[in-house]
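Heads up: the structure comes next, in structure tokens.
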Amino acid sequence: MSALGRGRGAALAGEALETAAAWLLGVLWLLPLLFAIWTAFHPSAYVAHFSPFAPLTLQNFVAAWNAAPFARYFLNTTMLVTGVLAAQFVLCTLAAFAFARFEFRGRDTLFMLILVQLMVAPDILLLENYLTIKAIGLVDTVPAIALPYLASAFGIFLLRQTFKAIPKDFEEAARVEGCSTLGVLWRVYIPLGKPVYLAYGLVLVSFHWNNFVWPLIITNSVETRPLTVGLSIFASPDQGIDWAIICAATLMTSGPLLVAFLLFQRQFVQSFLRTGIR
Amino acid sequence: MTGIRNTVHAWLLVLPACVLLATFTHIPIVTTFIQSLYSTAKPRRPARFVGLENYEAMLADPIFWKSLWNNLIYAGVSVPISVALAIVMALFVNGKLRGRGFLRLAYFTPTVLPMIAVANIWLFFYNPQYGLVDQFLKPFGISGVNWLGSQDTALWCLIVVAIWKEAGFFMIFYLAALQQISPDLREAASIEGAGRWTFFWRVTFPLLMPTTLFVLVNAVINAFRLVDHIFVMTAGGPDNATSVLLFQIYIVGFKFFDQAYAATLTIVLLALLALLAIGQFLLADKRVHYQ
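The structure is reproduced here in structure tokens:
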């Protein structure tokens with residue numbers, strides 16, 4: 001065998017090894033989800049007894065759905081996520097536009113101050129934020145869950161970068177056509193920023209769908225609790241543990257997000273790559 | 279468009295966001311500090327200025343030290359491992375592997391699942407009687423270990439969950455960075471006879487440095503923030519073996535209702551984050567000389 005041939009053989013073996021390692025890691029990473037799916041669709045008698053002949057059932061989902069007001073939790077989470085999404089898009093767009101395209105006194109200082117929120121997220125200031133919400137009388141309401149997150153340094157930073165990358169000629173052309181300042185933002189900047197809005201929106205939705213500690217503190221009734229808090233109460237040890245039902249509830253609460261992610265998977269990863277969030 | 283009018287317009291645009299950010303981030307930072315210098319108000323005893331008494335009490339509190347130490351282990355172990363795994367994952371799915379689309383999905387899935395939900399599943403994994411970890415280790419003669427109930431193992435169990443949750447998220451950033459690296463470099467290196475290992479350490483890794491810095495900073499911030507699974511899996515126990523700073527702040531503030539002490543602990547957390555910010559600034563500054 002020539003040296004070249006041996007080299008190729010080693011390279012092939014290396015590649016096979018790499019593929020195997022990559023797949024092993026992939027399976028390991030999916031294991032909890034696969035396990036939850038298996039458990040949720042089989043009767044509780046088969047929990048941790050993996051048999052290919054175990055009968056399939058939807059009973060666990062029915063039981064979970066009836067055991068706690070999940071419909072209401074879904075509604076609460078949907079309201080929360082939509083509200084935060086809408087508010088952040090509007091507020092962060094306006095602020096980012098000002099930072100990207102206006103010269104004004106105090107701009108750089110103000111921007112630095114805003115970036116503080118990248119380090120100190122509202123989740124860390126639990127107590128003071130609770131007191132603020134209490135002072136304005138909003139404890140145990142859906143808006144209270146959203147309020148600390150309505151403006152986001154990440155959003156402002158990301159959109160400012162996006163707007164800055166858009167050539168000024170576009171704006172000038174629109175101005176010649178007679179666009180006002182806000183008209184330029186609406187007609188030029190926002191349409192060109194669409195892929196970034198998509199990526200940012202997906203990150204935001206998954207963050208707020210999954211957020212737990214702050215909602216846990218600020219809500220204490222069925223009418224306001226989001227899914228995460230509802231699930232944690234439902235699955236707490238003193239409820240008596242039926243793993244099949246808990247897995248069903250777990251899948252149910254993460255289901256919509258998972259489906260959305262599978263549907264938008266390509267756009268999601270692509271827009272992340274394109275926006276170059278790094 | 280000039281002068282004052284311009285400035286007024288700009289301020290009107292940034293005002294709503296700034297008011298909200300100030301209300302829920304900047305002002306709370308200041309009031310937390312002030313609160314930490316006062317005693318907790320009780321029904322018959324209003325808060326009074328106590329200077330550094332809360333801090334002295336904190337330094338004498340073993341649970342504080344335990345939580346701080348736990349948090350440092352939690353960050354110190356989970357961050358490097360999840361970042362290293364993220365690089366490996368990104369290299370895997372950036373290559374020409376079979377099924378890389380699927381793998382990308384598999385690695386990334388934990389990121390979109392709610393931590394509170396996956397904590398339930400992991401809770402079951404660690405179950406001493408019929409958990410998956412137990413079933414897997416039984417052939418090796420290890421069985422019946424109460425992983426989450428033992429002081430020696432509980433924190434490590436949580437670290438594993440954190441690594442699993444975070445690595446796929448960081449992978450995305452590395453993938454983005456890898457795709458910016460010119461294929462010419464690869465070619466040039468292979469002409470020079472550099473193997474893949476050499477190429478990675480001499481070319482790829484240095485080029486990924488800015489990404490690594492960004493990811494590291496975010497990973498450390500998350501290591502202080504990500505406490506959801508602790509609520510479900512251990513509630514800080516056994517005997518505070520899995521309590522970290524933010525969890526302890528929650529317990530002190532909302533279970534013991536000791537506002538002043540919770541504020542004091544928050545200041546420690548803020549100080550750690552400030553140190554991180556300074557570190558990032560210095561490192562980023564140094565990096566500039568490379569370019």
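Chains V and X supply the protein sequences, listed in that same order. If you read the first sequence in the working numbering, its first letter stands for residue 1, the second for the next number, and so on. If you read the second sequence in the working numbering, its first letter stands for residue 279, the second for the next number, and so on. A virtual CB, placed ideally from N, CA and C, is assigned to each residue, including glycine.
Do three or more CB pairs link the region 48-64 of chain V to the region 187-207 of chain V at distances below 8 Å?
Between the region 48-64 of chain V and the region 187-207 of chain V, the count of C-beta pairs closer than 8 Å stays below three; the two stretches do not touch.
Span of the alpha helix (DSSP H) holding Y200 (chain V)?
194-210
Based on the DSSP secondary-structure assignment, which residues constitute the bridge partners of R323 (chain X)?
X:K320
Sub-8 Å separation of I394 (chain X) and D506 (chain X) beta-carbons
Annotated as proximal: I394 (chain X) and D506 (chain X), with beta-carbon spacing under 8 Å.
Tell me the residue span of the alpha helix (DSSP H) that contains Y352 (chain X).
340-372
Using 8 Å as the limit for Cβ to Cβ distance, is P388 (chain X) near chain V?
yes
Any alpha helix (DSSP H) of 4 or more consecutive residues that is wholly inside the region 417-485 of chain X
432-456, 461-469, 474-477
Taking Cβ positions only, does Y568 (chain X) come closer than 8 Å to chain V?
Confidence in Y568 (chain X) is poor, its pLDDT being 41 and thus under 50, which makes the residue's placement too unreliable to answer from.
Check P55 (chain V) in the structure and name its three-state DSSP category.
coil
Pick from V:V90, V:W23, V:L131, V:L80: whose alpha carbon is nearest that of A541 (chain X)?
V:L131
Cα-Cα separation, A325 (chain X) to Y316 (chain X):
6 Å
Tell me the DSSP secondary structure of F163 (chain V) in three-state form.
helix
Using a Cβ cut-off of 8 Å (strictly closer), state whether P392 (chain X) contacts chain V.
yes
Compare the C-beta of P52 (chain V) against all C-beta atoms of chain X and say whether one is closer than 8 Å.
no
Taking the alpha-carbon positions, what's the M1 (chain V) to G471 (chain X) distance?
In this predicted model, M1 (chain V) has a pLDDT of only 45, less than 50, meaning its place in the structure is not dependable; the value taken from the coordinates is given anyway. Taking the straight line joining both Cα atoms gives about 20 Å.
So with Cβ pairs under 8 Å, would you call V62 (chain V) a contact of chain X?
Not closer than 8 Å to any Cβ of chain X, the Cβ of V62 (chain V) fails to qualify, so no.
Here's the rule I'm using: 16 or more other beta-carbon atoms within 10 Å means buried, otherwise exposed. How should G531 (chain X) be labelled?
buried
Taking all protein chains shown into account, do 16 or more other C-beta atoms lie within 10 angstroms of the C-beta of F439 (chain X), making it buried, or fewer, making it exposed?
Residue identity check: residue 439 (chain X) is Val in the sequence provided, not Phe. V439 (chain X) comes out buried.
How is H42 (chain V) classed by DSSP in three states: helix, strand or coil?
Coil at H42 (chain V), not helix or strand.
Is it right to say V81 (chain V) is buried, meaning 16 or more other beta carbons lie within 10 angstroms of its own, or is it exposed?
buried
Rounded to whole angstroms, what's the CA-CA distance from F462 (chain X) to W475 (chain X)? Just pull it up for me.
Here residue 462 (chain X) turns out to be Asp, not Phe, going by the sequence shown. Rounded to the nearest angstrom, the two C-alpha atoms are 17 Å apart.
When DSSP labels each residue in this structure, what does R335 (chain V) get in the three-state scheme?
It is not possible to answer for residue 335 (chain V), since the shown part of chain V is limited to 1 through 278.
Closer than 7 Å at the beta carbon, the chain V residues around N398 (chain X)
A235, I246, T250
Nearest-angstrom Cβ-Cβ length linking I527 (chain X) and L543 (chain X), presumed shorter than 8 Å
5 Å
According to DSSP, is V139 (chain V) helix, strand or coil?
coil
Compare the beta carbon distance of R160 (chain V) and F61 (chain V) with 8 Å and say whether it is the shorter of the two.
Using a Cβ distance threshold of 8 Å, R160 (chain V) and F61 (chain V) do not count as a contacting pair.
Quick check: Y452 (chain X) and L426 (chain X), are their CB atoms within less than 8 Å of each other?
no
So if I threshold CB-CB distances at 9 Å, which residues from the region 34-46 of chain V count as touching chain X?
F35, A36, T39
Please list the partners that N210 (chain V) has in chain X, where partner means a Cβ-to-Cβ separation under 9 Å.
V390, L391, P392, M393, I394, A395, D506, listed in chain order.
Please report the straight-line C-alpha distance between H567 (chain X) and S254 (chain V), rounded to a whole angstrom.
With a pLDDT of 41 at H567 (chain X), under the threshold of 50, the modelled position of this residue cannot be trusted; read the value that follows with caution. Their Cα atoms are separated by approximately 46 Å.
Chain V contact residues for W442 (chain X), given Cβ-Cβ distances below 8 Å
W29, P32
Residues near Q429 (chain X) by beta carbon distance below 8 Å, same chain, minus five either side
P516, D517, A519
Member of V:A22, V:A68, V:G106, V:E15 whose CA lies at the smallest distance from the CA of N284 (chain X)
V:G106
Whole-angstrom distance between R101 (chain V) and A455 (chain X), CA atom to CA atom:
28 Å
Would you mind telling me which residues of chain X sit closer than 7 Å to W243 (chain V), beta carbon to beta carbon, in chain order?
F402
Please classify L12 (chain V): does DSSP put it in a helix, a strand, or coil?
Note: L12 (chain V) maps to helix in three-state DSSP.
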